[in-house]
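Student: Once you know that position 378 of the sequence shown is 378 in the UniProt record's numbering, the rest is easy, because the numbers rise by one and skip nothing. We put the beta carbon where it would ideally sit given N, CA and C, even for glycine.
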Amino acid sequence: MSKTAARSAIRGRFLDIENTVAQACEIHDQARYVEDGLLICLNGKIEWFGTWQDGQAHLPPDVQVQHYPDQLIIPGFIDTHIHYPQTEMIGAYGEQLLEWLDTYTFPTELQFSDPAYAEKIAEFFVQELLKNGTTTALVFCTVHPQSVDALFQAAQKRQMRLIAGKVMMDRHAPENLCDTAESAYADSKQLIEKWHGKGRNLYAVTPRFAPTSTPEQLARAGQLKAEYPDVYVHTHLSENKNEIAWAKALFPEQKGYLDVYHHYGLTGSRSVFAHCVHLEDDEWQCMHDTDSAIAFCPTSNLFLGSGLFPLKKTWEAQVKVGLGTDIGAGTSFSQLQTIQEAYKVQQLQGDKLSAFEALYHTTLGGAKALDLADQLGNFNIGKEADFIVLDLQPTALQALRQSRAKGIEDAVFALMMMGDDRNVQAAYVYGECAYQRSKA
Ligand code: GUN
Ligand code: ZN
Numbered sequence: 001m002s003k004t005a006a007r008s009a010i011r012g013r014f015l016d017i018e019n020t021v022a023q024a025c026e027i028h029d030q031a032r033y034v035e036d037g038l039l040i041c042l043n044g045k046i047e048w049f050g051t052w053q054d055g056q057a058h059l060p061p062d063v064q065v066q067h068y069p070d071q072l073i074i075p076g077f078i079d080t081h082i083h084y085p086q087t088e089m090i091g092a093y094g095e096q097l098l099e100w101l102d103t104y105t106f107p108t109e110l111q112f113s114d115p116a117y118a119e120k121i122a123e124f125f126v127q128e129l130l131k132n133g134t135t136t137a138l139v140f141c142t143v144h145p146q147s148v149d150a151l152f153q154a155a156q157k158r159q160m161r162l163i164a165g166k167v168m169m170d171r172h173a174p175e176n177l178c179d180t181a182e183s184a185y186a187d188s189k190q191l192i193e194k195w196h197g198k199g200r201n202l203y204a205v206t207p208r209f210a211p212t213s214t215p216e217q218l219a220r221a222g223q224l225k226a227e228y229p230d231v232y233v234h235t236h237l238s239e240n241k242n243e244i245a246w247a248k249a250l251f252p253e254q255k256g257y258l259d260v261y262h263h264y265g266l267t268g269s270r271s272v273f274a275h276c277v278h279l280e281d282d283e284w285q286c287m288h289d290t291d292s293a294i295a296f297c298p299t300s301n302l303f304l305g306s307g308l309f310p311l312k313k314t315w316e317a318q319v320k321v322g323l324g325t326d327i328g329a330g331t332s333f334s335q336l337q338t339i340q341e342a343y344k345v346q347q348l349q350g351d352k353l354s355a356f357e358a359l360y361h362t363t364l365g366g367a368k369a370l371d372l373a374d375q376l377g378n379f380n381i382g383k384e385a386d387f388i389v390l391d392l393q394p395t396a397l398q399a400l401r402q403s404r405a406k407g408i409e410d411a412v413f414a415l416m417m418m419g420d421d422r423n424v425q426a427a428y429v430y431g432e433c434a435y436q437r438s439k440a
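(1) Is residue 1 helix, strand or coil by DSSP?
(2) Grab me the residues of residue 2's own chain with a C-beta within less than 6 Å of its C-beta, minus the 5 sequence neighbours each way, in chain order.
(3) Per DSSP, which one or two residues make a beta bridge with residue 90?
(4) Kindly identify the DSSP beta-bridge partner or partners of residue 433.
(5) Express the C-alpha separation of residue 46 and residue 426 in angstroms, rounding to a whole number.
(6) If I follow the unbroken alpha helix (DSSP H) through residue 145, where does it start and stop?
(7) I need the DSSP call for residue 165, collapsed to helix, strand or coil.
(8) For residue 398, count the other beta carbons within 10 Å of its own beta carbon; 16 or more makes it buried, fewer makes it exposed. Which is it?
(9) Would DSSP call residue 320 helix, strand or coil?
(10) Using a 10 Å radius around the Cβ and a threshold of 16 neighbouring Cβ atoms, would you call residue 61 buried or exposed?
(11) Can you find the residues in the same chain that come closer than 6 Å, C-beta to C-beta, to residue 268, ignoring five residues on each side of it along the sequence?
(12) Given 7 Å as the limit, tell me if residue 267 has its C-beta closer than that to any heavy atom belonging to the ligand GUN.
(13) Distance check for residue 360 and residue 22, CA to CA, integer angstroms please.
(14) Give every residue of the same chain whose Cβ lies closer than 6 Å to the Cβ of residue 432, excluding the five residues on either side of it in the sequence, and list them in chain order.
(15) Does the beta carbon of residue 101 sit closer than 8 Å to a beta carbon anywhere in chain C?
(16) Quick one: grab the DSSP three-state call for residue 6.
(17) Could you name the residues of the same chain whose beta carbon sits closer than 8 Å to that of residue 168, not counting the 5 residues immediately before and after it, in chain order?
(18) Apply the 10 Å Cβ neighbour rule to residue 242 and answer buried if 16 or more other Cβ atoms are within range, or exposed otherwise.
(19) Measuring alpha carbon to alpha carbon, tell me which of 74, 154, 421, 59 ends up nearest residue 34.
(20) Okay, do the region 394–409 and the region 91–100 touch, 3+ Cβ pairs below 8 Å being the bar?
(21) Whole angstroms is fine: what's the gap from residue 42's alpha carbon to residue 64's?
(22) Using the Cα positions of residue 18 and residue 58, report the straight-line distance between them to the nearest angstrom.
(23) The ligand GUN and residue 329: does any heavy atom of the ligand fall closer than 7 Å to the residue's C-beta?
(24) Quick check: the Cα distance between residue 321 and residue 115, rounded to an integer number of angstroms?
(25) Going by DSSP, name the residue or residues bridged to residue 236.
(26) Please confirm whether any heavy atom of the ligand GUN lies closer than 7 Å to the CB of residue 209.
(27) Are there 16 or more other CB atoms within 10 angstroms of the CB of residue 346, so buried, or fewer, so exposed?
(28) Taking only the alpha-carbon atoms, compute the straight-line gap between residue 126 and residue 161 and give it to the nearest angstrom.
(29) Taking just the CA atoms, how far does residue 37 sit from residue 12?
(30) Measuring only the C-alpha atoms, how far is residue 262 from residue 48?
(31) Hey, out of 415, 371, 424, 354, whose CA is closest to residue 25's CA?
(32) For residue 278, count neighbouring Cβ atoms within 10 angstroms of its own Cβ and tell me buried if that reaches 16, exposed if not.
(33) Quick check: what's the CA-CA separation for residue 136 versus residue 258?
(34) Can you give the Cα-Cα distance for residue 357 and residue 379, rounded to whole angstroms?
(35) Reducing DSSP to helix, strand and coil, say where residue 196 ends up.
(36) Am I right that residue 295 and residue 80 are in contact with their C-beta atoms under 8 Å? What's the rounded C-beta distance?
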């Protein structure tokens, strides 16, 4: 953290969602567009936000204003499910989930026993997040504790708020990629003590998914959560039909797949379940009752042929949901590209995903899913100053489309349908510019 008081000021066009909402239809009332605005940051937090006209009175004379007259400034994107060790294996051909894990994923993750390798990929990964405008993510590491050290070190260097954890996995995987119930407990505990709440880092207890943990290991995961109630739980749930049948067969005593996690004390307001494509009615109810969250991962669900996630159901059942890229089953680090696919997934189900709803899911809604809405997700005064500067016209085609945009919502929708990392001009983390796109 900076030792001296650090104040910065940004002027430009700002858009965010001011408050969390209970229904998609309420989002429009909460969209806040300030055409000529000012954001003042002090020591990583938002000190003041409003119009440029009102803001000048709040601006100390020695503070230089960074002006972005043509760009759009929004809160940093939040990725609620991603695997950093899978960065290098995006786009692995031809398999669905269980075969994909055996064929591509496990061999790739074996490399992370080497701390130097982990460090190299962690650096690349964090840089790639920022390049895509993602300032916070909930991240899977591998079974190796050193993979967690490498990621948290890379995040700490940039003062990024990341949540991550060591994979717990003691069966149905290659032997040298497995821990044991005991070692997973001991290693995770040590990592929690070392990293949780250090700087902006937060820890997630991370059993890979029920089929790769014994009942003893899930019990140990539940014990960790009971001993450290403010750590996260991060795992996979109901992604693929064969996976679901396997989980049910392995845990016949439980009512269903989610009930396995629930039984071991792994549901709750800091529990995030990736995918949830095929939840049953009682599972939707359990997600709601326990205040657990879903990471919706459209590019991954399409790439692995897992299915179409019913986003509308999250509003009906009142279940928290964020967007996840799920690299490397997902095919892009970009939340803009993730939204493109989310939109198409809703179209295939006869539903609409509006630009402001999508913005909500990738900012304030994502923060809510991560139980961080008090700190992240919009420009409310007192929150942490993570935001991105978007160029709406990085290509000739986008410039043409934007010149025809009918108002801010249409402009943002076009950005979402056509955009990618080329739209991210700068990413600010904790009030400081952490990434600047080099000019083409
Ligand atoms: N289920 C268990 N492990 C994984 C993984 O690495 N990726 C995805 N998409 N699903 C999983
Ligand atoms: Zn995943």
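Tutor: So, from the data block:
(1) Taking the sequence shown and counting its residues from 1, one reaches residue 1 at position 1. Annotation note: pLDDT 44 at residue 1 (below 50); position unreliable, coordinate value reported separately. Note: residue 1 maps to coil in three-state DSSP.
(2) To locate residue 2, count along the sequence shown from 1; it is residue 2. Its pLDDT being 45, under 50, residue 2 is placed unreliably by the model, and the measurement read from it follows with that caveat. None.
(3) In the sequence shown, counting from the first residue as 1, residue 90 sits at position 90. Checking the DSSP bridge columns, you'll see residue 90 has no partner listed.
(4) Working through the sequence shown from its first residue, we reach residue 433 at position 433. Checking the DSSP bridge columns, you'll see residue 433 partnered with 428.
(5) Looking up residue 426 in the sequence shown gives position 426. Looking up residue 46 in the sequence shown gives position 46. Roughly 17 Å separates the two Cα atoms.
(6) Here residue 145 corresponds to residue number 145 of the sequence shown, with the count starting at 1. Here the alpha helix (DSSP H) through residue 145 covers 145–157.
(7) Numbered from 1 along the sequence shown, position 165 holds the residue referred to as residue 165. Strand at residue 165.
(8) Translated into the one-based positions of the sequence shown, residue 398 becomes position 398. So residue 398 counts as buried.
(9) On the sequence shown, residue 320 is found 320 positions in, with the first residue counted as 1. In this structure, residue 320 counts as strand in the three-state DSSP scheme.
(10) The count along the sequence shown starts at 1 and reaches residue 61 at position 61. Label assigned to residue 61: exposed.
(11) As a working mapping, residue 268 is identified with position 268 in the sequence shown. Cβ contact annotation for residue 268 (same chain, cutoff 6 Å, sequence separation greater than five): 290, in chain order.
(12) Stepping through the sequence shown from its first residue, residue 267 is reached at position 267. No.
(13) Within the sequence shown, numbered from 1, the residue matching residue 22 stands at position 22. Within the sequence shown, numbered from 1, the residue matching residue 360 stands at position 360. For residue 22 and residue 360, the distance between alpha carbons rounds to 12 Å.
(14) In the sequence shown, the residue the question calls residue 432 occupies position 432. So the list is empty, once near-sequence residues are dropped.
(15) Among the protein chains of the structure shown there is no chain C, as only one such chain exists.
(16) Translated into positions along the sequence shown, residue 6 becomes position 6. Collapsing the DSSP output to three states places residue 6 in coil.
(17) Counting from 1 along the sequence shown, the entry for residue 168 is found at position 168. Answer for residue 168: 143, 179, 184, 188, 205, 206, 207, 208, 213, 217, 220, 221, listed in chain order.
(18) Taking the first residue of the sequence shown as 1, we reach residue 242 at position 242. Exposed, because fewer than 16 other Cβ atoms sit within 10 Å of the Cβ of residue 242.
(19) To locate residue 34, count along the sequence shown from 1; it is residue 34. Residue 74 is the option with its Cα nearest to residue 34.
(20) In this structure the region 394–409 does not lie against the region 91–100, because fewer than three pairs of beta carbons, one per stretch, are closer than 8 Å.
(21) Counting from 1 along the sequence shown, the entry for residue 42 is found at position 42. Counting from 1 along the sequence shown, the entry for residue 64 is found at position 64. If I take the Cα positions, the gap works out to 13 Å.
(22) Sequence index remark: in the sequence shown, residue 18 carries index 18 (1-based). Sequence index remark: in the sequence shown, residue 58 carries index 58 (1-based). One C-alpha to the other measures close to 21 Å.
(23) Indexing the sequence shown from 1 puts residue 329 at position 329. Yes; taking the cut-off as 7 Å, the Cβ of residue 329 has a heavy atom of the ligand GUN nearer than that.
(24) For the purposes of this step, residue 321 is taken as the residue at position 321 of the sequence shown. For the purposes of this step, residue 115 is taken as the residue at position 115 of the sequence shown. Roughly 33 Å separates the two Cα atoms.
(25) Taking the sequence shown and counting its residues from 1, the one referred to as residue 236 is at position 236. According to DSSP, residue 236 bridges with 274.
(26) What you label residue 209 is simply residue 209 of the sequence shown in a count that begins at 1. The beta carbon of residue 209 sits closer than 7 Å to at least one heavy atom of the ligand GUN.
(27) The residue you call residue 346 lines up with position 346 of the sequence shown. Answer is buried; the Cβ neighbour count reaches 16.
(28) Sequence index remark: in the sequence shown, residue 126 carries index 126 (1-based). Sequence index remark: in the sequence shown, residue 161 carries index 161 (1-based). The alpha-carbon separation between residue 126 and residue 161 amounts to approximately 11 Å.
(29) Translated into positions along the sequence shown, residue 12 becomes position 12. Translated into positions along the sequence shown, residue 37 becomes position 37. Going from the Cα of residue 12 to the Cα of residue 37 covers about 5 Å.
(30) Here the question's residue 262 lines up with position 262 in the sequence shown. Here the question's residue 48 lines up with position 48 in the sequence shown. Distance between the alpha carbons of residue 262 and residue 48 is about 42 Å.
(31) As a working note, residue 25 is residue 25 in the sequence shown. Of the candidates 415, 371, 424, 354, the one whose C-alpha sits nearest the C-alpha of residue 25 is 354.
(32) Taking the sequence shown and counting its residues from 1, the one referred to as residue 278 is at position 278. Counting of Cβ neighbours within 10 angstroms places residue 278 among the buried residues, the total reaching 16 or more.
(33) Mapped onto the sequence shown, residue 136 falls at position 136. Mapped onto the sequence shown, residue 258 falls at position 258. Taking the Cα positions, residue 136 is about 26 Å away from residue 258.
(34) Walking along the sequence shown from the start, residue 357 turns up at place 357. Walking along the sequence shown from the start, residue 379 turns up at place 379. So the alpha carbons of these two residues sit roughly 17 Å apart.
(35) Residue numbering aside, residue 196 sits at position 196 when the sequence shown is read from its first letter. DSSP places residue 196 in coil when its eight states are reduced to three.
(36) In the sequence shown, counting from the first residue as 1, residue 295 sits at position 295. In the sequence shown, counting from the first residue as 1, residue 80 sits at position 80. That pair is a contact at about 4 Å.
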